[in-house]
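Asker: This structure is in structure tokens; I'll ask about it shortly.
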Amino acid sequence: MEQIVAKDVTMRLWVMGNNNGRRGDTKLTERDPFGLRNLPMDVANSESEQRDIFYTNMAPALEVLRAMGALPIQTLRVNRNSFSGRRLTSPVMLWSASMYAGLLTALWFAYSQGFVTTLNSQSFETTLIGYLDLAYHLIDLAVPFNNWREARLVAQYMASWSAFQSHYRVVTGRSLEVNFRRRAVVLTVVLVMVTCGRETMYQVLENNLDNYLVLLTYWYQALLRDTMGLTWYLLCSLLQKTAQSLTTSFQKDVDTAVRPSLVIARYNTLWLQLSRVARQTGIAMCYTYGFYVLYLFLMTTVSMYGLISCLEQGIEQRVIYLAGDSLITGTELFIVCDGANSVTREVGLTFQGKLLDIRNAPISDKVEKEVDAFLRAIELRPPEINFGGYVTVNRGMLLSLGSMMVTYLVVLLQLDLSKPQILRDAVNVTSPTTTDDVSA
Numbered sequence: 001m002e003q004i005v006a007k008d009v010t011m012r013l014w015v016m017g018n019n020n021g022r023r024g025d026t027k028l029t030e031r032d033p034f035g036l037r038n039l040p041m042d043v044a045n046s047e048s049e050q051r052d053i054f055y056t057n058m059a060p061a062l063e064v065l066r067a068m069g070a071l072p073i074q075t076l077r078v079n080r081n082s083f084s085g086r087r088l089t090s091p092v093m094l095w096s097a098s099m100y101a102g103l104l105t106a107l108w109f110a111y112s113q114g115f116v117t118t119l120n121s122q123s124f125e126t127t128l129i130g131y132l133d134l135a136y137h138l139i140d141l142a143v144p145f146n147n148w149r150e151a152r153l154v155a156q157y158m159a160s161w162s163a164f165q166s167h168y169r170v171v172t173g174r175s176l177e178v179n180f181r182r183r184a185v186v187l188t189v190v191l192v193m194v195t196c197g198r199e200t201m202y203q204v205l206e207n208n209l210d211n212y213l214v215l216l217t218y219w220y221q222a223l224l225r226d227t228m229g230l231t232w233y234l235l236c237s238l239l240q241k242t243a244q245s246l247t248t249s250f251q252k253d254v255d256t257a258v259r260p261s262l263v264i265a266r267y268n269t270l271w272l273q274l275s276r277v278a279r280q281t282g283i284a285m286c287y288t289y290g291f292y293v294l295y296l297f298l299m300t301t302v303s304m305y306g307l308i309s310c311l312e313q314g315i316e317q318r319v320i321y322l323a324g325d326s327l328i329t330g331t332e333l334f335i336v337c338d339g340a341n342s343v344t345r346e347v348g349l350t351f352q353g354k355l356l357d358i359r360n361a362p363i364s365d366k367v368e369k370e371v372d373a374f375l376r377a378i379e380l381r382p383p384e385i386n387f388g389g390y391v392t393v394n395r396g397m398l399l400s401l402g403s404m405m406v407t408y409l410v411v412l413l414q415l416d417l418s419k420p421q422i423l424r425d426a427v428n429v430t431s432p433t434t435t436d437d438v439s440a
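Here the numbering used here is used: position 337 in the sequence shown is 337, and no number is missing along the way.
Written out as structure tokens, the structure is:
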């Protein structure tokens, strides 16, 4: 038992950067500015620490994306806490490229002839539906390509969770217990079954089941879209539950600490690392989820327009499908924006509230100084999720997209209502010319 405790103390000093020697030096510094040696030891959970919380909770959704060739990142078998991404000769990259080539081939044989017919159609509704079918599969083409570009950043982001998990144990003396894997498995299985069943039912109702390539491409499109939404939901849940665990541990240690100023200083460094992980969520997946949000906005807008236009002809199969599609894409757009907003609130505002409670209580000057430094750090480094600095993801973005959607719907509906008048004007303009030609 003493050997295990000594080994754990050595690991703590190394992780916190208190080893002043070069790599390979075995001499540990005697300084302990954060009071790590006085932390409670939780040796019983030393084995469970090896289980990476990111992989444990995110694996069901990530495995689906990896099987679809949309996530060329592999977990190293030597250590579940290590990830590797985008090596051209790696099996996952070769699998992703093969799936992408097969998808392009299937899309070409399934839609090339129908799209040419759509372009030559004089009907506005037919043309719109044709472009809508093409827009459905933009996500198939863009997401794997964007993930190839960002695979290295995503792998580094996944590995940063392992570093935070180790830092959490160093600072708190406890293992980070966040486990919702069972819920993730259930949601993933239900999503796959419902998505594939819904697309199959629609193709059966359209009497299009004989064209299996169309069915396969719709399966892929819907499953990729919905799995990306589930992945974002699970990722935001992981950040929120981690922040809740950090807040609970902080409150417990501050209440029982002999030197609360040291506890606050330790948790300041830990919170800064969690805030950085939250910010890196949007940066590492900037183009992938940035396109995903634009795609959801486009599909929601076009589906709503198609739904309103088709309602004039009564309730039909296409109306039901468009209503369901607009509901799904709108819900997923809400999940992206609300999930990021909840992370910002849980990591930043909730923890800030705990510090303000301490600040307003009778405390010593040293504790007050550490609390002020902590509050300043939260203000300077807010845990906001943004897509590469282009846009901050929160509920405000959802309201902006909603107002833009209403504007586009009004313009499209005005164009739709003005079509009969445009046709009558065209007939009136061409009628005199036709009469003169006949007289001549």
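We treat Cβ as the ideally placed atom computed from N, Cα and C, and that holds for glycine.
Compare the C-alpha of residue 355 against each of 251, 242 and 182 and name the closest.
Answerer: Answer by Cα proximity: 251.
Asker: If residue 150 sits next to residue 267, beta carbons under 8 Å apart, how far is it from one beta carbon to the other, in whole angstroms?
Answerer: Rounded, the Cβ-Cβ distance is 31 Å, inconsistent with contact.
Asker: So, using beta-carbon positions, are residue 178 and residue 256 closer together than 8 Å?
Answerer: It is not a contact, given that the beta carbons lie outside the stated cut-off.
Asker: Just checking my contact of residue 196 with residue 223 at CB under 8 Å: how many whole Å lie between their CB atoms?
Answerer: The Cβ separation is near 7 Å, so the contact holds.
Asker: For residue 230 versus residue 200, is the C-beta distance shorter than 8 Å?
Answerer: The answer is no: Cβ separation not under 8 Å.
Asker: For residue 386, does the three-state DSSP call read helix, strand or coil?
Answerer: Residue 386: strand per DSSP, three-state reduction.
Asker: Applying the 10 Å Cβ sphere with the 16-neighbour rule, what's the burial state of residue 98?
Answerer: When all chains shown are included, residue 98 counts as exposed.
Asker: Does DSSP put residue 73 in a helix, in a strand, or in coil?
Answerer: DSSP places residue 73 in strand when its eight states are reduced to three.
Asker: Express the C-alpha separation of residue 51 and residue 170 in angstroms, rounding to a whole number.
Answerer: Roughly 16 Å between the two C-alpha positions.
Asker: Between residue 390 and residue 290, how many whole angstroms is the CB-CB distance? I'm expecting something under 8 Å.
Answerer: Right, their Cβ atoms sit about 7 Å apart.
Asker: Determine which residues share a DSSP beta bridge with residue 392 and list them.
Answerer: DSSP output for residue 392 lists 386 as bridge partner(s).
Asker: What are the start and end residues of the alpha helix (DSSP H) that includes residue 363?
Answerer: It is not in any alpha helix (DSSP H) - residue 363 carries neither H nor E in the DSSP assignment.
Asker: Name the residue from 306, 233 and 285 whose alpha carbon lies nearest to the alpha carbon of residue 184.
Answerer: For residue 184, the nearest C-alpha among the options comes from 233.
Asker: Hey, could you find the ends of the alpha helix (DSSP H) residue 63 is sitting in?
Answerer: It spans 53 to 67 - the alpha helix (DSSP H) in which residue 63 sits, taken as one unbroken run.
Asker: Given a threshold of 16 other Cβ atoms within 10 Å of its Cβ, counted over all protein chains shown, does residue 404 qualify as buried or as exposed?
Answerer: Label assigned to residue 404: exposed.
Asker: Can you list, in chain order, the residues of its chain whose CB lies under 6 Å from that of residue 33, leaving out five sequence neighbours each side?
Answerer: Note that residue 33 has pLDDT 37, beneath the 50 cutoff, so the model's placement of it is unreliable and no number is given.
Asker: Between the region 336 to 346 and the region 354 to 371, are three or more C-beta pairs nearer than 8 Å?
Answerer: At 8 Å Cβ cutoff, the stretches do not touch.
Asker: Where does residue 144 land, buried or exposed, given buried means 16+ other C-beta within 10 angstroms?
Answerer: Burial call: buried.
Asker: Whose C-beta lies closer than 6 Å to the C-beta of residue 317 among residues of the same chain, with five residues either side of it excluded?
Answerer: Answer for residue 317: 205, listed in chain order.
Asker: From residue 90 to residue 54, what does the alpha carbon distance come to, in whole angstroms?
Answerer: One C-alpha to the other measures close to 22 Å.
Asker: Should residue 330 and residue 300 be called a contact, given that it needs their Cβ atoms to be closer than 8 Å?
Answerer: Yes, Cβ-Cβ distance for residue 330 and residue 300 is below 8 Å.
Asker: Go ahead and label residue 226 buried or exposed: buried means 16 or more other beta carbons lie within 10 angstroms of its beta carbon, across all protein chains shown.
Answerer: Classification of residue 226: buried, given that the 10 Å Cβ count is 16 or more.
Asker: Count the other CB atoms within 10 Å of the CB of residue 281; is the residue buried (16 or more) or exposed (fewer)?
Answerer: With 16 or more other Cβ atoms within 10 Å, it is buried.
Asker: Excluding sequence positions up to five away, which residues of its chain have a Cβ less than 6 Å from the Cβ of residue 35?
Answerer: Unreliable placement is indicated for residue 35, whose pLDDT of 39 sits below 50; no coordinate value is reported for it.
Asker: What residue does the alpha helix (DSSP H) around residue 332 start on, and which one ends it?
Answerer: First-last of the alpha helix (DSSP H) with residue 332: 317 to 344.
Asker: How long is the line joining the alpha carbons of residue 132 and residue 377, rounded to whole angstroms?
Answerer: Taking the straight line joining both Cα atoms gives about 47 Å.
Asker: Considering only the alpha carbon of each residue, which of 211, 347, 139 and 161 lies closest to residue 385?
Answerer: The candidate whose alpha carbon is nearest that of residue 385 is 347.
Asker: Given a cut-off of 8 Å on the beta-carbon distance, is the pair residue 298 and residue 168 in contact?
Answerer: The answer is no: Cβ separation not under 8 Å.
Asker: Which term fits residue 161, buried or exposed, when burial requires 16 or more other beta carbons within 10 angstroms of its beta carbon?
Answerer: So residue 161 ends up on the buried side.
Asker: Put residue 291 into one of helix, strand or coil per three-state DSSP.
Answerer: Looking at residue 291 - three-state DSSP - the assignment turns out to be helix.
Asker: Relative to the alpha-carbon of residue 277, which residue among 343, 351, 308 and 322 has its alpha-carbon at the smallest distance?
Answerer: Comparing Cα-Cα distances from residue 277 to each of 343, 351, 308 and 322, the minimum goes to 343.
Asker: Whole alpha helix (DSSP H) runs in the region 242 to 310 with 4 or more residues, listed along the chain?
Answerer: Fully enclosed alpha helix (DSSP H) runs of 4 or longer: 260 to 284 and 286 to 310.
Asker: Return the CA-CA distance between residue 40 and residue 253, expressed in angstroms with no decimal places.
Answerer: Caution is warranted here: a pLDDT of 42 is assigned to residue 40, below 50, making its placement in the model unreliable, and no coordinate value can be reported.
Asker: Go ahead and label residue 163 buried or exposed: buried means 16 or more other beta carbons lie within 10 angstroms of its beta carbon, across all protein chains shown.
Answerer: Classification for residue 163: exposed.
Asker: Alpha carbon to alpha carbon, what distance is there between residue 319 and residue 249?
Answerer: Distance between the alpha carbons of residue 249 and residue 319 is about 52 Å.
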